[in-house]
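Undergrad: 88 is the number of the first residue of the sequence shown in my numbering; add one for each residue after it. Note that the Cβ used here is the ideal one computed from N, Cα and C, for glycine as well.
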Amino acid sequence: MPVFEGIGTVECRSYKKYNDDMRIDIFIILLIAAVLLYRWYQKLPKEKGGEPSSTEMVMDPNCETYIPETEAIRATIGGRDHFFCSEKCAEEYRKWHSTV
Ligand SMILES: [Zn+2]
Numbered sequence: 088m089p090v091f092e093g094i095g096t097v098e099c100r101s102y103k104k105y106n107d108d109m110r111i112d113i114f115i116i117l118l119i120a121a122v123l124l125y126r127w128y129q130k131l132p133k134e135k136g137g138e139p140s141s142t143e144m145v146m147d148p149n150c151e152t153y154i155p156e157t158e159a160i161r162a163t164i165g166g167r168d169h170f171f172c173s174e175k176c177a178e179e180y181r182k183w184h185s186t187v
């Protein structure tokens, strides 16, 4: 029966197309997931396996002295992270920043 065969091939073709589209969708989802995972990984604080030689010097904005990041006191003031040599400096800078 030619009619039956015709329907059969159309169904078969559309099913194959559907399958291909699904494969592309999954690929895109996996790609987005990979990008998001990579970004999330980049944001992670790298405390594990940190080498002492990779210590960065940061400036205390209150007394303008440089201190190693590992010894600095971290404080978020005005939506930004700042590093201080002591709690006293952090407090002073916070007070000064909040009054301006
Ligand atoms: Zn200081």
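1) Among Y153, H184, T157 and E158, which has the Cα closest to the Cα of G166?
2) Thinking C-alpha only, which one of P148, Y153, P155 and N106 is nearest H169?
3) For A162, which three-state DSSP category applies?
4) Since I160 and A177 should fall inside the 8 Å C-beta cutoff, what is the C-beta to C-beta distance between them, to a whole number of angstroms?
5) Assign D112 to one of three DSSP states: helix, strand, or coil.
TA: Taking the definition as stated:
1) Checking every option, the nearest Cα to that of G166 belongs to H184.
2) Out of P148, Y153, P155 and N106, P148 has the C-alpha closest to the C-alpha of H169.
3) DSSP, reduced to helix, strand and coil, places A162 within a strand of the structure shown.
4) Going by Cβ atoms, the distance from I160 to A177 rounds to 5 Å, so yes, they are a contact pair.
5) Residue state, collapsed to three classes: helix.
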